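Going by this note's numbering, the sequence shown opens with residue 297, and the numbers climb by one from there. Cβ coordinates follow ideal geometry from the N, Cα and C atoms, glycine included. Note that the structure is a prediction, hence the values are computed from the model and not measured.
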Amino acid sequence: MKIKFALKAAALAATLVFSGASQAAAGINYNPVALGTVYGGAWLDTASHGEQGLSVYELTGTTLGDAILAFCIEPATAQGPFTTYTQGSSSSLSNLFPGALGSMDRAARIHSLFEQSYAGLSTGSATENIQNRLAFQVALWDLVADDGNLATGSQHLNNSIAFYSTGDDFVELDLGAANTMLENSKTVVTTNSYKYTTFSGVYGGANTPSQMLLSVSAVPEADTWAMMMVGLGLLGFMGRRKAGKGEKFAA
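Listed below in structure tokens is the structure:
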């Protein structure tokens, strides 16, 4: 009990410092909407020394929507204080994450993760959303830069203890959901619900690179596109009618 209390106190102090330094300086604003800390295991960020911070951000000031979730895709790169982010163009996952991961393409596993799990990250209670978003981030890291298995590889959570932040307290975090998401991502899916956009960041006077973020936006459904095309066609038709009438009475 004393060990867990000490870990929670240390995690809370570290997260308060981290969250205070994670506000954007200008332009695109980023704020942590899920924060956690994991002790033990091994991580892709070798500087973590067995204590890995977890964070999921909400971005505003982009062209993708009023507020969108963003996930780190560079687990070995530090998130610098007061990072300035720049929105990139829409990217294909195969270009961002080439190569194979087991019997599937790495990009296909990541695509499957988003298609099956992303929509559920904002449908639960406040605490459920925090837990699921942090689990999603851990799963994404493993697919982006490791072997897609939380029990093996450079990133593994063997004998680890995790907490997530709720106000001024830390609650124990069960990362079993990350394992479930990774297992589900082995299933090939044919839907394409999202388009993917990266955000590159720099911080400090020397423009030191900060961790890159990935966000998604919904792809309009086929019937939505059809209605848009019909609407554009009607506008063109009405424009031609008005032009014709104007010519008729020009004399």
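- Around the beta carbon of S481, 16 or more other beta carbons sit within 10 angstroms, so the residue counts as buried.
- By a beta-carbon distance limit of 8 Å, S413 contacts F432. Their separation comes to about 6 Å.
- Under a 10 Å Cβ-count criterion, E479 is classified as exposed, with fewer than 16 other Cβ atoms of the shown protein chains found around its own Cβ.
- For the pair V434 and A474, the CB atoms are nearer than the 9 Å cut-off.
- For A372, the three-state secondary structure derived from DSSP is coil.
- F495 is bridged by DSSP to Q383, L509.
- In this structure, the alpha-carbon of L471 lies about 28 Å from that of T379.
- For F410 and A374, the gap between their C-alpha atoms comes out near 24 Å.
- Cβ neighbours of G398 within its own chain (closer than 7 Å, five residues either side excluded): G444.
- Counting only runs that start and end inside the segment 447 to 497, the alpha helix (DSSP H) elements of at least 4 residues fall at 472 to 480.
- Judged by DSSP in its simplified three-state form, S418 adopts helix.
- Our two residues, Q507 and V515, have alpha carbons roughly 26 Å apart in a direct line.
- Taking C-alpha positions only, H452 is separated from I426 by approximately 21 Å.
- Judged by beta-carbon spacing, G332 lies within the 9 Å limit of L350, meaning their Cβ atoms are closer than that value.
- In the three-state reduction of the DSSP assignment, S413 falls in the helix class.
- If the five residues before and after H407 are omitted, its C-beta is found closer than 6 Å to the C-beta atoms of L389, all from its own chain and listed in chain order.
- Nearest in C-alpha terms to E370, of all of G384, S385, L340, T462, is L340.
- Straight-line spacing of the CA atoms in N325 and A396 works out to 34 Å.
- Distance from the CA atom of S511 to the CA atom of T462, rounded to whole angstroms, is 24 Å.
- The C-beta distance from L417 to L360 rounds to 16 Å, too long to meet the 8 Å contact threshold.
- About 5 Å separates the beta carbon of L436 from that of F367, a gap short enough to meet the 8 Å contact definition.
- Residue range 347 to 356 is occupied by the beta strand (DSSP E) that includes L355.
- For N503, the secondary structure class from DSSP, reduced to helix, strand or coil, is coil.
- For L331, the enclosing beta strand (DSSP E) stretches over residues 325 to 335.
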